[in-house]
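These notes are about the structure you will find just below.
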Amino acid sequence: MAGFIIHSHYLQRTFVGVDSFKIFQEVYLRTDDPRVVNVVKFSESIGELKVEAEATIEDGKRIIFRFDRAAFSFKFLPFKVPYPVPFKLLGDEAKGWLDTTYLSRTGNIRISRGNKGSTFVLQKSADQRQMLLSAISAGTGVDKAIDDITSSGQGIKADLNTLAGEWQLLWASKTEGESWSSVASAGLKDFQIIKEDGQLKNLVRPFPGVSLNARGNICGNGDLNTFSMSINEGAVQAGGLQFPLDARGEFVVEILYIDNKIRISNVNQHKLIHLRIASRI
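Here the sequence shown is numbered in this note's numbering, starting from -17 and rising by one per residue.
This is the structure in structure tokens:
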């Protein structure tokens, strides 16, 4: 959970030379080692202070904690610097509690009251997938959001089972200058349907009542997260009429990231972001 800006304690000001900073609170209760972690971020160039506490739950809404360790992580040092407070010697001063007085239906907003009378209003940080979707909606920062989510180490293994489903294209890095047959062949617009046996269909609707279909198959080529896509036939449908479309082509599809909702791929130097709108077909 995150986030507010407060003024620094004199010890923190002595160490980092800043007067205000952001605080993030991480709460881990469903583990063998329940903890409350307060992360004080001074700036991107300086670093952060992480203060950790053992935690227990009382009456379902009160979190009781005892601080037991803390350290600075400075960007300009390869090691952590211990926070100069002997928690073991503080006794009850190292203890505290938080009462959750309000939790929004979605779980994104939490209001807590502390044992010293302070009230905290915190908003849950958006995950990287949400940040990516927000960047697409805003039309800016998409490349950075892609880099963040692809380097996160999250996602699932890419294979025909995870690729199977109906996907809608949300964003493409560049499609200007491409012919409609090329767009349909490479799947650079609208919808893509992949079956578990590798059959594939790209569907593009450039105008109302008009659709371009390209059919083929996709299969692994032996390299991790890399697939070969072959388009064998295409057609243009306008009302009740159908005309052949030369959409044949061979493509290398590199899956940069995939989970149960989002797929990021690289197809012939085009970065594509798809949203899963239906599971296996």
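C-beta: ideal position from N, C-alpha, C; glycine also. Model, not experiment: these values are computed from the prediction.
Beta-carbon spacing of residue i, residue j below 9 Å
{"i": "Q219", "j": "V192", "result": "yes"}
{"i": "L254", "j": "L170", "result": "yes"}
{"i": "A260", "j": "E148", "result": "yes"}
{"i": "L152", "j": "I118", "result": "yes"}
{"i": "N199", "j": "Q181", "result": "yes"}
{"i": "T101", "j": "T82", "result": "no"}
{"i": "V33", "j": "R51", "result": "yes"}
{"i": "G231", "j": "I244", "result": "no"}
{"i": "L80", "j": "F47", "result": "yes"}
{"i": "F209", "j": "L145", "result": "yes"}
{"i": "A53", "j": "V9", "result": "no"}
{"i": "T277", "j": "I246", "result": "Past the edges of the chain, shown from -17 to 263, lies residue 277, and the structure says nothing about it."}
{"i": "F298", "j": "G78", "result": "Nothing about residue 298 can be read from this structure; the chain reaches only from -17 to 263."}
{"i": "I28", "j": "F56", "result": "yes"}
{"i": "G216", "j": "S163", "result": "yes"}
{"i": "N203", "j": "I237", "result": "no"}
{"i": "Q110", "j": "A127", "result": "yes"}
{"i": "S161", "j": "F233", "result": "no"}
{"i": "D125", "j": "S155", "result": "yes"}
Residue i in three-state terms, based on DSSP
{"i": "Q(-6)", "result": "Annotation note: pLDDT 43 at Q(-6) (below 50); position unreliable, no value reported."}
{"i": "R230", "result": "coil"}
{"i": "G121", "result": "coil"}
{"i": "I240", "result": "strand"}
{"i": "E75", "result": "helix"}
{"i": "S210", "result": "strand"}
{"i": "D1", "result": "Any reading at D1 needs caution, since the residue's pLDDT is 49, under 50, leaving its predicted position unreliable; the model's value is listed next. Three-state DSSP puts D1 in coil, outside helix and strand."}
{"i": "M(-17)", "result": "With a pLDDT of only 44 at M(-17), under the threshold of 50, the placement of this residue in the model should not be trusted, and no figure is reported."}
{"i": "I131", "result": "helix"}
{"i": "Q110", "result": "helix"}
{"i": "S86", "result": "coil"}
{"i": "I55", "result": "In the sequence under discussion, the amino acid at residue 55 is Ser, which differs from the Ile named in the question. The answer is strand: DSSP assigns S55 an E or B state."}
{"i": "L11", "result": "coil"}
{"i": "H(-11)", "result": "Summary for H(-11): the model assigns pLDDT 39, below 50, so the residue's position carries little reliability, and this model does not support an answer."}
{"i": "G159", "result": "coil"}
Bridge partners - residue i, DSSP secondary structure assignment
{"i": "L185", "result": "F173, N195"}
{"i": "F49", "result": "A35"}
{"i": "Q251", "result": "None, per the DSSP bridge assignment."}
{"i": "E215", "result": "R197"}
{"i": "L257", "result": "Q150, I244"}
{"i": "A220", "result": "V192, L223"}
{"i": "L80", "result": "I45, G96"}
{"i": "G202", "result": "F209"}
Inter-residue CB distance, residue i and residue j (contact presumed, cutoff 8 Å)
{"i": "I138", "j": "I240", "result": "6 Å"}
{"i": "Q174", "j": "H256", "result": "7 Å"}
{"i": "L31", "j": "V22", "result": "4 Å"}
{"i": "R187", "j": "D172", "result": "6 Å"}
{"i": "I91", "j": "Q105", "result": "6 Å"}
Where the beta strand (DSSP E) through residue i begins and ends
{"i": "K32", "result": "29 to 40"}
{"i": "V67", "result": "Taken as a continuous stretch (DSSP letters only), V67 belongs to no beta strand (DSSP E), as it is neither H nor E."}
{"i": "L152", "result": "147 to 154"}
{"i": "R92", "result": "91 to 96"}
{"i": "F24", "result": "17 to 25"}
Continuous alpha helix (DSSP H) stretch holding residue i: start and end
{"i": "T101", "result": "No alpha helix (DSSP H) holds T101; the beta strand (DSSP E) holding it covers 101 to 105."}
{"i": "S164", "result": "162 to 168"}
Residue-chain proximity (residue i, chain D), Cβ-Cβ < 9 Å
{"i": "D179", "result": "Note that chain D does not occur in the displayed structure, where there is just one protein chain."}
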